[in-house]
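If you use our numbering, the sequence shown corresponds to residues 288 to 606, in order. Working notes for the structure below.
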Amino acid sequence: MNVVYLIVQQTMFFSIPLLIVALGGMFTERGGVTNIALDGTMIMGAFTSILFINNMQDSMSGTGLLLIACVIAALTGGIFSLLLAYSAINMKADQIIGGTALNMFAPAFCVFAARTVQDLGVQQIQFNNTFRVMKVPVLGDIPIIGKMFFQNTYITTLIGIIILIIAVVVIYKTRFGLRLRACGEHPQAADSVGINVYKMRYAGVFISGVLGGLGGLVFIIPTSTNFDSNVAGYGFLALAVMIFGQWKPVRIALAAAFFGFMKTIAAAYNLIPFLDNLPVTSEFYKAIPFVATLIVLALSSKKSSAPAAVAQPYDKGSR
288 MNVVYLIVQQ TMFFSIPLLI VALGGMFTER GGVTNIALDG TMIMGAFTSI LFINNMQDSM
348 SGTGLLLIAC VIAALTGGIF SLLLAYSAIN MKADQIIGGT ALNMFAPAFC VFAARTVQDL
408 GVQQIQFNNT FRVMKVPVLG DIPIIGKMFF QNTYITTLIG IIILIIAVVV IYKTRFGLRL
468 RACGEHPQAA DSVGINVYKM RYAGVFISGV LGGLGGLVFI IPTSTNFDSN VAGYGFLALA
528 VMIFGQWKPV RIALAAAFFG FMKTIAAAYN LIPFLDNLPV TSEFYKAIPF VATLIVLALS
588 SKKSSAPAAV AQPYDKGSR
């Protein structure tokens, strides 16, 4: 039973950042702008927040420090995403090329900045991982579920669940969500009823940046004690999760859980008795998440229903 609890918790550690970043991708694509720069956004968010933790960990610790770092990561991601928003919305540049440029810029900038601000030109940013919460009040006392999800865990798990709930409400139950979806499906029709398509698309991209930057920190915290300007391609995997989830929050959550479980098998296969005894190398298990991604996308691509106007620059004068 302890192995089951461990596998579930490990799955959550991998699933929550995927969920957060994929929801960010959903918001921007629902508005009509595709953001493949999520990987670079994660790197930028993780860089500034981990650097903050590195500098402040001697005077602060615990959940308070982590929450401030989350805010810094989110703001960094949001500001970084405005570069894509300006190029895609104002300049009407190719969104794929713009996102690719940001993905190339982010790790190079973080490596340079880390070597510049740290002693001896060290690239890795070290931090003390003291953020594990032994038990979340109230939720940690729930039988079985409490032990699986809310004991010996990180507050970032709870943050991810809260973001999922907020995303469902915002997309389906608010005027903002309705207008954002309209701008991604029929921007000319939205404009005709007084909706500012440009502002809505900026909002969608900014939200994706906020969640992407936060996702970078949420990915690093449970899995490492240093940051090396790398998030293991999680931004691209989050895009696959978003597509597999059909741009719908609950489906995205299920897809994130699936891919998180695949990553858990790759990372902790030696804890699963029948897998540990199989005559295969560790490289085989490490490849499982990416092979699963290709298979799932191949099987689901024909059923994908992306927003009709996604990646199409909007020109108000071309109705």
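Using N, Cα and C, we set each Cβ at its ideal position, and we do this for glycine too. From a predicted model like this one, the values you see are computed outputs, not experimental measurements.
Asked, Found
"Specify the secondary structure class of Asn342 as computed by DSSP and reduced to three states.", "helix"
"Rounded to the nearest angstrom, what separates Thr403 and Gln410 at their Cα positions?", "9 angstroms"
"Do the CB positions of Leu498 and Leu310 come within less than 8 angstroms of each other?", "yes"
"In terms of alpha-carbon separation, which member of Ala356, Val480, Ile431 and Asn341 lies closest to Thr512?", "Asn341"
"I think Gly447 touches Val308, with their Cβ atoms under 8 angstroms apart; what is that distance to the nearest whole Å?", "In fact, because the Cβ distance is near 10 angstroms, the residues do not count as touching under 8 angstroms."
"Considering only the beta carbon of each residue, do Met331 and Ala393 sit closer than 8 angstroms?", "yes"
"Does DSSP put Lys422 in a helix, a strand or coil?", "strand"
"DSSP three-state call for Gln413: helix, strand or coil?", "strand"
"Out of Met549, Glu316 and Met391, point me to the one whose CA is closest to Met329's CA.", "Met391"
"Taking the alpha carbon of Thr510 as the reference point, which residue from Ala360, Ile384, Asn415 and Gly481 has its own alpha carbon closest?", "Asn415"
"Give the single residue among Lys573, Leu565, Arg488 and Leu352 whose Cα lies nearest to the Cα of Thr417.", "Leu352"
"Let me know the secondary structure DSSP gives Asn557 once reduced to three states.", "helix"
"Nearest to Gly496 by CA position, among Ile323, Ala574 and Gln475, is which residue?", "Ile323"
"Just the Cα atoms here: how many angstroms apart are Asn439 and Gly500?", "24 angstroms"
"DSSP beta-bridge partners for Asn513?", "Gln413"
"Straight-line CA distance for Met435 to Val528?", "23 angstroms"
"To which residues of the same chain is Arg468 closer than 6 angstroms at the C-beta, ignoring the five residues directly before and after it?", "Arg317"
"Identify which residue in Cys397, Gly503 and Ile552 has its Cα closest to the Cα of Val291.", "Ile552"
"Suppose you measure from the CA of Phe493 to the CA of Tyr373; what does that come to, to the nearest Å?", "11 angstroms"
"Going by DSSP, what residues sit across from Gln475 in a beta bridge?", "None; Gln475 has no bridge partner."
"By DSSP's criteria, Tyr441 is part of a beta bridge. Which residues make up the other side?", "Arg419"
"Would you be able to state if there are at least three C-beta pairs under 8 angstroms between the region 418 to 428 and the region 358 to 365?", "no"
"Under three-state DSSP, which class holds Gly318?", "coil"
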